[in-house]
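In the working numbering, the protein residues as written are 20 to 254.
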Amino acid sequence: MSMLTMVQSACVRLGLPSPNAVATSTDTQYLQLLALLNEEGSELSARTEWQALMREATFTTLAAELQSAIDTIAPGLNYIVNDTIWNRTLRRPVFGPLGAQRWQQQKAMQLNGPWNQYRIKQNGIYFYPAPASGQSCYFEYVSKYFALAVDGTTYKAAFTADDDTSMHNEDILTLGLIWRWKANKGLDFSVDYQKYENRVLDAIGRDGAKPILNMGEAKYDIIPAIVVPAGSWSL
Numbered sequence: 020m021s022m023l024t025m026v027q028s029a030c031v032r033l034g035l036p037s038p039n040a041v042a043t044s045t046d047t048q049y050l051q052l053l054a055l056l057n058e059e060g061s062e063l064s065a066r067t068e069w070q071a072l073m074r075e076a077t078f079t080t081l082a083a084e085l086q087s088a089i090d091t092i093a094p095g096l097n098y099i100v101n102d103t104i105w106n107r108t109l110r111r112p113v114f115g116p117l118g119a120q121r122w123q124q125q126k127a128m129q130l131n132g133p134w135n136q137y138r139i140k141q142n143g144i145y146f147y148p149a150p151a152s153g154q155s156c157y158f159e160y161v162s163k164y165f166a167l168a169v170d171g172t173t174y175k176a177a178f179t180a181d182d183d184t185s186m187h188n189e190d191i192l193t194l195g196l197i198w199r200w201k202a203n204k205g206l207d208f209s210v211d212y213q214k215y216e217n218r219v220l221d222a223i224g225r226d227g228a229k230p231i232l233n234m235g236e237a238k239y240d241i242i243p244a245i246v247v248p249a250g251s252w253s254l
């Protein structure tokens, strides 16, 4: 479904005239629906670490505290997933993030051990102690870009064209648009919201596959041993 078809679907369910275009429309009602759909996309993106929004970033270290502007190495960054920054050259984790107090303590104590720690400030990523140059670092982050242009490669933080598609489940976005429109108009949206919320919680529980948590015996009884295949064997 495109942005246009999501708005059209919501309009049919709300009893509104279905538009032929939204992004280029001058009708304030359709522009409001677009704004509410973008609000829904942004709010839904912040609910969890959706697998569709996960990205991997990489950069090469500089012999300085400031490594790079964060938006340069992680376009559309919403937040970095903790404990994912690794120096693959040294095969070591980069610890952090440090808060302001811990960062100043480290600088004052001048502890120049072998383990780098990082801090995000002024939209930049800082390492302490400063690493050697030329080392490869990687991390994972959650993107705020939930919209995808028709070219299939341009990610955006909002729908801006009728043929934009979504990284999220379109049915959930449509349900979100419906209750948000009713809420904006002062109408009763409780049933629509509960239906929407149930779908969101189901999606969060299944997104990206989940491990089975077993408080008893292991799921697989594979232990170090000699495994003899079943069958008939000559003695």
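For every residue, glycine included, the Cβ atom is placed at its ideal position computed from N, Cα and C.
{"Query": "If you check the beta carbons only, do Val41 and Asn97 fall under 8 angstroms apart?", "Result": "no"}
{"Query": "Relative to the C-alpha of Tyr137, which candidate in Leu130, Phe146 and Thr79 has its C-alpha closest?", "Result": "Phe146"}
{"Query": "What span of residues does the beta strand (DSSP E) with Gln136 cover, start to end?", "Result": "Gln136 to Lys140"}
{"Query": "Could you tell me how far apart the beta carbons of Thr80 and Cys156 are, in whole angstroms, since I believe they sit closer than 8 angstroms?", "Result": "6 angstroms"}
{"Query": "State the CB to CB distance for the pair Ala222 and Ile191, rounded to an integer number of angstroms; the pair is presumed to be in contact (CB under 8 angstroms).", "Result": "6 angstroms"}
{"Query": "Note down the Cα distance separating Glu59 from Phe158, rounded to an integer number of angstroms.", "Result": "27 angstroms"}
{"Query": "Using C-beta distances below 7 angstroms, list every residue in its chain close to Leu85, excluding the 5 sequence neighbours before and after it, in chain order.", "Result": "Gly143 and Tyr145"}
{"Query": "With three or more C-beta pairs closer than 8 angstroms as the rule, is the segment 61–74 touching the segment 208–224?", "Result": "yes"}
{"Query": "Please classify Gly227 as buried or exposed, where buried requires at least 16 other C-beta atoms within 10 Å of its C-beta.", "Result": "exposed"}
{"Query": "Exposed or buried, what is Ser5 when buried is set at 16 or more other beta-carbons lying within 10 Å of its beta-carbon?", "Result": "For the chain, the structure presents residues 20 to 254; residue 5 sits outside this window and is missing."}
{"Query": "Roughly how many angstroms separate the alpha carbons of Asp183 and Leu72, rounded to a whole number?", "Result": "16 angstroms"}
{"Query": "Suppose you measure from the CA of Tyr174 to the CA of Ala166; what does that come to, to the nearest Å?", "Result": "6 angstroms"}
{"Query": "Helix, strand or coil for Leu85 per DSSP?", "Result": "strand"}
{"Query": "Answer yes or no: do Trp200 and Leu52 have a C-beta to C-beta separation smaller than 8 angstroms?", "Result": "yes"}
{"Query": "Can you give me the start and stop residues for the beta strand (DSSP E) that Ser162 sits inside?", "Result": "Ser155 to Ser162"}
{"Query": "Comparing alpha-carbon positions, which option in Gly195, Met186, Pro133 and Gln154 lies nearest Thr77?", "Result": "Gln154"}
{"Query": "The beta strand (DSSP E) that contains Ala40, what's its start and end?", "Result": "Element bounds for Ala40: n/a, residue is neither H nor E."}
{"Query": "What residues are listed by DSSP as bridge partners for Lys175?", "Result": "Ala166"}
{"Query": "State the CB to CB distance for the pair Asp181 and Leu35, rounded to an integer number of angstroms; the pair is presumed to be in contact (CB under 8 angstroms).", "Result": "Contact flag wrong, Cβ pair sits at about 17 angstroms."}
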